[in-house]
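Data block below; observations after.
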Amino acid sequence: MKTANEITQPNGIPENWQPFLELAAREVFEIMLGCKLETQDPVSPATAEITAMVGLAGQLCGLLTLRCSSQSAALMASKMLGVSVSQADEQMWDAMGEIANMIAGNFKNKLTGMADRCMLSVPTVITGSDYSCRSMADTGPLEVTMLFEGAPVTVAVEIHT
Amino acid sequence: MNKVRALIVDDSSVMRKIVERSIRQAGIDLAEVREAANGAEGLGALQDSGVDLILCDINMPVMDGLEFLRQLQTVEHAKGVPVVMITTEGSESHVVQALSIGARGYIRKPFTPEQVKEHVVPLLENKK
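Residue numbers (our numbering), protein chains in the order written: chain A, 220 to 380; chain B, 1131 to 1258.
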């Protein structure tokens, strides 16, 4: 059985990047949402009702995704804005995009020499789980699933080497 | 410190609200907040009258923050107005580039209200 922090497929991605990805996500949630992401074994990857994607271009080329349930996305927007979930509901796509954007930026800035050699796209957010995504990446995803307010949130990076 | 008119340029409406909240948490009394979703809208927001402070993202559609900074140099109402970049783009080259074309500060996302205070308050005090 997979553990909460298991790298799904490290093929082509340095194994020591996993802690950076996890730390990048933790920092964004702590600083911008005031919430700690928890790890618990085992945690299944999040149901992808909402997926935010940020493209990486340059020396580090690929795609970072953040996925979770729509309930979690609305709660994230609520925490970010400091308003009730019902008030934040309309903002959940925007909030998801920004969180993914900050995780992507924070992640690449933690990789030595990558901050200057990698650019980020503006985020794209999609709703629904019945989709397949081809990012042209040629590595398996580096994937981390943690718990946000008890519900799984998955952050993944795929790289085109 | 006098009441401050601020322009916040960011393509995320959530982030614009967070930046505004952080400015208020920094103890800055805001008289007016103008919002723009990209650099072009930001320039448009300065057409008729100026502001005391501009906070601007870099990575935006239509016109990014660096191009906004370049074009800001020709806007009469923006002369002497401090611009602080707030962005996920944390590279040294972006910082150097932004500072060389007129930015007075640079804050990396994710950020705390304390960081906003640390960067913004001295700029407003120097402006008095």
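Ideal Cβ placement from N, Cα and C applies to all residues, glycine included.
Under three-state DSSP, which class holds MET338/A?
For this step, residue 338/A is matched to residue 119 along the first sequence. In the structure shown, MET338/A sits in a strand (DSSP, three-state: E or B).
Using a cut-off of 7 angstroms between C-beta atoms, extract the partners of ASN1189/B located in chain A.
Your numbering for residue 1189/B matches position 59 in the second sequence. By Cβ distance, chain A contributes LEU339, VAL341.
For ILE1138/B, does the three-state DSSP call read helix, strand or coil?
Here residue 1138/B refers to the residue found at position 8 when the second sequence is read from its first residue. Of the three classes helix, strand and coil, the one that applies to ILE1138/B here is strand, per DSSP.
On the DSSP letters alone, give me the boundaries of the alpha helix (DSSP H) that HIS1224/B sits inside.
As a working mapping, residue 1224/B is identified with position 94 in the second sequence. First-last of the alpha helix (DSSP H) with HIS1224/B: 1222-1230.
Could you check what DSSP says for ILE1188/B in three-state terms: helix, strand or coil?
On the second sequence, residue 1188/B is found 58 positions in, with the first residue counted as 1. Three-state result, ILE1188/B: coil.
Please classify PRO342/A as buried or exposed, where buried requires at least 16 other C-beta atoms within 10 Å of its C-beta.
Residue 342/A sits at position 123 when you count from the first residue of the first sequence. The residue in question, PRO342/A, is buried, as its Cβ has 16 or more Cβ neighbours within 10 Å.
Could you check what DSSP says for PRO371/A in three-state terms: helix, strand or coil?
To locate residue 371/A, count along the first sequence from 1; it is residue 152. Residue state, collapsed to three classes: strand.
So if I threshold CB-CB distances at 8 angstroms, which residues from the region 1142-1162 of chain B count as touching chain A?
SER1142, SER1143, VAL1144, MET1145, LYS1147, ILE1148, ARG1151
Using a Cβ-Cβ distance under 8 angstroms, would LYS1133/B count as near chain A?
Residue numbering aside, residue 1133/B sits at position 3 when the second sequence is read from its first letter. With 8 angstroms as the cut-off, LYS1133/B does not count as an interface residue toward chain A.
Contact set for MET315/A: own chain, Cβ-Cβ below 6 angstroms, skip 5 residues either direction
Numbered from its first residue, the first sequence carries residue 315/A at position 96. If you ignore the 5 residues before and after MET315/A, its C-beta comes within less than 6 angstroms of the C-beta of ILE269, ALA271, ALA292, VAL344, all in its own chain and listed in chain order.
Taking contact to mean 3 or more Cβ pairs, one atom from each stretch, closer than 8 angstroms, check whether the region 1147-1158 of chain B and the region 361-370 of chain A are in contact.
no
Name the chain A residues whose beta carbon is nearer than 7 angstroms to that of GLY1195/B?
Here residue 1195/B is taken as the residue at index 65 of the second sequence, counted from 1. Per Cβ cutoff of 7 angstroms: no residues; GLY1195/B is ~12 angstroms from chain A at best.
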